[in-house]
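Worksheet: one structure, shown below.
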Amino acid sequence: MGRTGTDHNAIGQAGTEHNAIGHGTGQAGMFDLAVVGAGPAGMAAALTAADHGLKVVVVDEQQRAGGQIFRQPPEEFTGSVLRPTAGYGWATGLIRRFEADERLTTEFGWSAIGVLYDDALPGGLCLAVNHPQDGTRVIGARRLLIATGAYDLPVAFPGWTLPGVMTAGAVQTLVKAQKIAPVGDVVLAGAHPLLLLVADLLVREGVRVSEVAFAQNIPKPADLLHALGAVPGHVRMLAETGGILARLVRNGVRVSSRTVVTAARGEEHVARVELARVDRRWKVTGTPRAVDASHLVLGYGFSASTELARQIGCDLVYDSPKGGWVVSHDDRLRTSVPGVFVAGEPTGVAGADQSRAEGELAALAIAADLGRDVSATALAEAERGIRTATRFSTVVQRMFEPAREALGDLAGRDTTVCRCETVTRGTLDDFLEASPFVSDVNAVKLSCRTGMGPCQGRYCEGSVGTILASAREQPIGLGGRFSAHLPIKPVPVGDLRTLDSFLDAPPDAPPDGPGGDGSGAVDG
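And the structure:
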């Protein structure tokens, strides 16, 4: 009855009502829209959809709304924390409206692990979700919006797996949401403007920041003014950037350009970092110099989180400035799979403003699809918001695009590329030399086990793709991307057995156990 394949015609098929699957299934219990992700795109979409009379459920693995960019501390946290929405005047209001809206069903602490198609359900789309304590359930919905955000771009180099090596996004989350900051001397290295924000955040928290190393030339004020001249609020952004740089210099922080990290050294923890000069394509040209540091913070950019879209069978396209593999969509955010929409970073890493606008437009398109009245004015306003945000995000993407080929060259033969399966660069090089006709990352995955561990390729896919591209002298996009299968995140085997019981239940007989009564309630 249930299928995990990519039968795109399954969505929208008429079927017999039944409550066997559990939460939100059966014609009466099915949701109009399931949203995966409660960041700017997901929150905006959920509220807009509810305003148009849709029955909406939002699933997010975090405990509170906001996504990674507006990560809120746990409700029981009593310490003083920084305001997570600083810099975004609209964000606090959006979160408050979302949290107060009783029309929405929210499932926090639950991870979306895949989509099934069920011919017996109206619409045929079932979202499988998992909770660490409560196991696996399935949510039925007529439409699905993927708003799964992005994650820090991993870069493999000697020592990158040492304790003390962190990503800029992780450090920002720790400081803003938990009031936890690194101890000792900190070096930041990368190519994304988030590095400056995190360095400033650490300095204001009293952390000793030794150096901020950018791989590219730091844009001059005149260059920024020219590039951002058409973007509303560009003067304010320039002023804020200048203020951060001035604070860093006043606090004795060295800000370097055309410098990359080549190694992290230490026994059981980072003790020093090696930095080297690079050319315009980030190829190392100088002799590495050592800097004492207890922590290394990396910020070379972000990768769009597209695993759920891949598992469903959505078409993707490789766009390096936008975050690598991103989900293809039309001008109403429809993917290639009928009934599945996308908004936010999976369409291309572009920031919170564009994510919010895309969430609103996707919800309007979904409401129209389901027969609700949607005004042309509302559509035009959402489209205008996307155009405005895109003017800024395009500039940022172009100016701070990572030189992926050069980053791939940082790994030596003994460098672990796939940390889950402990696969080294040397193992990959030897395999590619012995298999000259292999030109696809999935062939590398099947032969070398890269991407088969708990992270399912999130840490190593980019490195494997660049190593393959270098060996075959081909564009990275030609190597493809790792396939994704249900579950897209690790879950206990017993939880999958529970999922199987949902799928095997006859149409009119709910399965035994919690969540099988068709009540539409998920304990979480």
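First residue of the sequence shown? That's 0 in numbering that gives the first Met the number 0, and the numbers climb one at a time after it. Glycine is no exception: its CB is placed at the ideal position from the N, C-alpha and C atoms.
Point to revise | For residue 357, three-class secondary structure by DSSP | key: Indexing the sequence shown from 1 puts residue 357 at position 358. Of the three classes helix, strand and coil, the one that applies to residue 357 here is helix, per DSSP.
Check your understanding: Is the segment 265-282 touching the segment 166-173, taking contact as three or more C-beta pairs under 8 angstroms?
Key -> no
Review point. According to DSSP, is residue 129 helix, strand or coil?
Key: Within the sequence shown, the letter at position 130 stands for residue 129. Strand at residue 129.
Exercise for review: Using beta-carbon positions only, say whether residue 469 and residue 404 come within less than 8 angstroms of one another.
Suggested key: Reading the sequence shown from its first residue, position 470 is the one you call residue 469. Reading the sequence shown from its first residue, position 405 is the one you call residue 404. For residue 469 and residue 404, yes; Cβs fall inside 8 angstroms.
Review point. For residue 186, which residues from the same chain have a beta carbon less than 6 angstroms from its beta carbon, with the 5 sequence-adjacent residues on both sides left out?
Key: The residue given as residue 186 occupies position 187 in the sequence shown. If we look at residue 186 and ignore the five residues flanking it on each side, its Cβ neighbours are 209, 210, 272, 290, 292, 295.
Practice item. Indicate the three-state DSSP secondary structure (helix, strand or coil) for residue 463 in the structure shown. Key: For the purposes of this step, residue 463 is identified with residue 464 of the sequence shown, where counting begins at 1. In the structure shown, residue 463 sits in a helix (DSSP, three-state: H, G or I).
Exercise for review: Identify which residue in 46, 350, 367 has its Cα closest to the Cα of residue 388.
Suggested key: Translated into positions along the sequence shown, residue 388 becomes position 389. The shortest C-alpha separation from residue 388 is found at 350.
**Study point:** Residues of its chain near residue 43, where Cβ-Cβ distance is below 6 angstroms and the 5 sequence neighbours each way are ignored
**Key:** Numbered from its first residue, the sequence shown carries residue 43 at position 44. Closer than 6 angstroms at the Cβ level, and outside the excluded window around residue 43, lie 355, 358, 359.
**Study point:** beta strand (DSSP E) segments (min. 3 residues) lying fully within the segment 310-379
**Key:** 315-318, 323-326, 339-341
Practice item. Alpha carbon to alpha carbon, how far is residue 331 from residue 60? Give it in angstroms, no decimals. Key: Taking the sequence shown and counting its residues from 1, the one referred to as residue 60 is at position 61. Taking the sequence shown and counting its residues from 1, the one referred to as residue 331 is at position 332. Looking at the two C-alpha atoms, the distance is approximately 26 angstroms.
Point to revise | Residue interval of the beta strand (DSSP E) (run including residue 138) | key: Within the sequence shown, the letter at position 139 stands for residue 138. Segment 134-145, the beta strand (DSSP E) holding residue 138.
Check your understanding: Looking only at its own chain, which residues have a Cβ that is under 6 angstroms from the Cβ of residue 162, when we skip the five neighbours before and after it?
Key -> Counting from 1 along the sequence shown, the entry for residue 162 is found at position 163. Taken in chain order, the residues that qualify are 268.
Review point. How big is the Cα-Cα spacing for residue 154 and residue 480?
Key: Walking along the sequence shown from the start, residue 154 turns up at place 155. Walking along the sequence shown from the start, residue 480 turns up at place 481. Cα-Cα distance, rounded: 17 angstroms.
Review point. Helix, strand or coil: which one does DSSP assign to residue 41?
Key: By one-based count along the sequence shown, residue 41 stands at place 42. Note: residue 41 maps to helix in three-state DSSP.
Check your understanding: Opposite residue 187 in the DSSP bridges: which residues?
Key -> Taking the first residue of the sequence shown as 1, we reach residue 187 at position 188. In DSSP, residue 187 forms a bridge with 211, 296.
Practice item. Using only alpha-carbon positions, find the residue among 57, 418, 450 that is nearest to residue 37. Key: Here residue 37 refers to the residue found at position 38 of the sequence shown. The shortest C-alpha separation from residue 37 is found at 57.
**Study point:** Candidates 495, 109, 94, 488: closest to residue 310 by CA position
**Key:** If you number the sequence shown from 1, residue 310 lands on position 311. Here the closest residue by C-alpha is 488.
Exercise for review: Ignoring anything shorter than 4 residues or poking outside the segment 412-489, list the alpha helix (DSSP H) runs there in chain order.
Suggested key: 424-433, 440-447, 460-471
Exercise for review: Pick helix, strand or coil for residue 55, following the three-state DSSP scheme.
Suggested key: For this step, residue 55 is matched to residue 56 along the sequence shown. Residue 55: strand per DSSP, three-state reduction.
Review point. From residue 361 to residue 144, what does the alpha carbon distance come to, in whole angstroms?
Key: The sequence position of residue 361 within the sequence shown is 362, counting from 1. The sequence position of residue 144 within the sequence shown is 145, counting from 1. Approximately 8 angstroms, taken between the alpha carbons.
Review point. For residue 348, which residues of its own chain have a beta-carbon under 7 angstroms away from its beta-carbon, when the five flanking residues on both sides are left out?
Key: Walking along the sequence shown from the start, residue 348 turns up at place 349. These residues qualify, in order along the chain: 149, 301, 303, 321, 322.
Practice item. Identify whether residue 398 lies in helix, strand or coil by the three-state DSSP scheme. Key: Along the sequence shown, read from residue 1 onward, the residue named residue 398 stands at position 399. DSSP places residue 398 in helix when its eight states are reduced to three.
Check your understanding: Run through DSSP, which three-state label would residue 32 get?
Key -> Reading the sequence shown from its first residue, position 33 is the one you call residue 32. DSSP places residue 32 in strand when its eight states are reduced to three.
Point to revise | Rounded separation between residue 477 and residue 431 - CA only | key: Within the sequence shown, numbered from 1, the residue matching residue 477 stands at position 478. Within the sequence shown, numbered from 1, the residue matching residue 431 stands at position 432. Using only the alpha carbons, I get a separation of about 15 angstroms.
Check your understanding: In terms of residue numbering, what span does the beta strand (DSSP E) encompassing residue 155 cover?
Key -> By 1-based counting over the sequence shown, the position of residue 155 is 156. Careful: residue 155 lies outside any beta strand (DSSP E) and carries neither H nor E.
Review point. Can you name, in chain order, every residue of its own chain whose Cβ lies under 6 angstroms from the Cβ of residue 109, other than the five neighbours on each side?
Key: If you number the sequence shown from 1, residue 109 lands on position 110. Cβ within range, chain order: 58, 128, 130, 523.
Exercise for review: Would you mind sorting residue 436 into buried or exposed? The rule is 16 or more other CB atoms within 10 Å of its CB.
Suggested key: Translated into the one-based positions of the sequence shown, residue 436 becomes position 437. The residue is exposed, with fewer than 16 neighbouring Cβ atoms inside 10 Å.
Check your understanding: Going by the CB atoms, is the gap between residue 274 and residue 190 shorter than 8 angstroms?
Key -> By 1-based counting over the sequence shown, the position of residue 190 is 191. By 1-based counting over the sequence shown, the position of residue 274 is 275. No; because the gap between Cβ atoms is not below 8 angstroms, this pair is not in contact.
Check your understanding: Based on Cα-Cα distance, which residue from 160, 252, 425, 216 lies nearest to residue 197?
Key -> Translated into positions along the sequence shown, residue 197 becomes position 198. Ranking 160, 252, 425, 216 by Cα distance to residue 197 puts 252 first.
Practice item. Taking only the alpha-carbon atoms, compute the straight-line gap between residue 335 and residue 497 and give it to the nearest angstrom. Key: Here residue 335 corresponds to residue number 336 of the sequence shown, with the count starting at 1. Here residue 497 corresponds to residue number 498 of the sequence shown, with the count starting at 1. The straight-line gap from Cα to Cα measures roughly 30 angstroms.
Exercise for review: Assuming residue 243 and residue 199 form a contact by the criterion Cβ under 8 angstroms, report the distance between their Cβ atoms to the nearest whole angstrom.
Suggested key: Walking along the sequence shown from the start, residue 243 turns up at place 244. Walking along the sequence shown from the start, residue 199 turns up at place 200. At roughly 5 angstroms, the Cβ-Cβ gap stays under 8 angstroms, so residue 243 and residue 199 are in contact.
Point to revise | Paired residues, beta bridge with residue 246 - DSSP | key: Against the sequence shown, residue 246 aligns to sequence position 247. Paired residues: none, contrary to the question.
Practice item. Report the option in 440, 54, 151, 396 whose CA atom is closest to the CA atom of residue 318. Key: Within the sequence shown, the letter at position 319 stands for residue 318. Of 440, 54, 151, 396, the residue nearest in Cα terms is 396.
Exercise for review: Return helix, strand or coil for residue 166, following the three-state DSSP convention.
Suggested key: Translated into the one-based positions of the sequence shown, residue 166 becomes position 167. Residue state, collapsed to three classes: strand.
**Study point:** residue 246 versus residue 333: straight-line alpha-carbon distance, rounded
**Key:** The sequence position of residue 246 within the sequence shown is 247, counting from 1. The sequence position of residue 333 within the sequence shown is 334, counting from 1. Cα-Cα distance, rounded: 44 angstroms.
**Study point:** Whole-angstrom distance between residue 306 and residue 192, CA atom to CA atom
**Key:** On the sequence shown, residue 192 is found 193 positions in, with the first residue counted as 1. On the sequence shown, residue 306 is found 307 positions in, with the first residue counted as 1. Taking the straight line from one Cα to the other gives about 26 angstroms.
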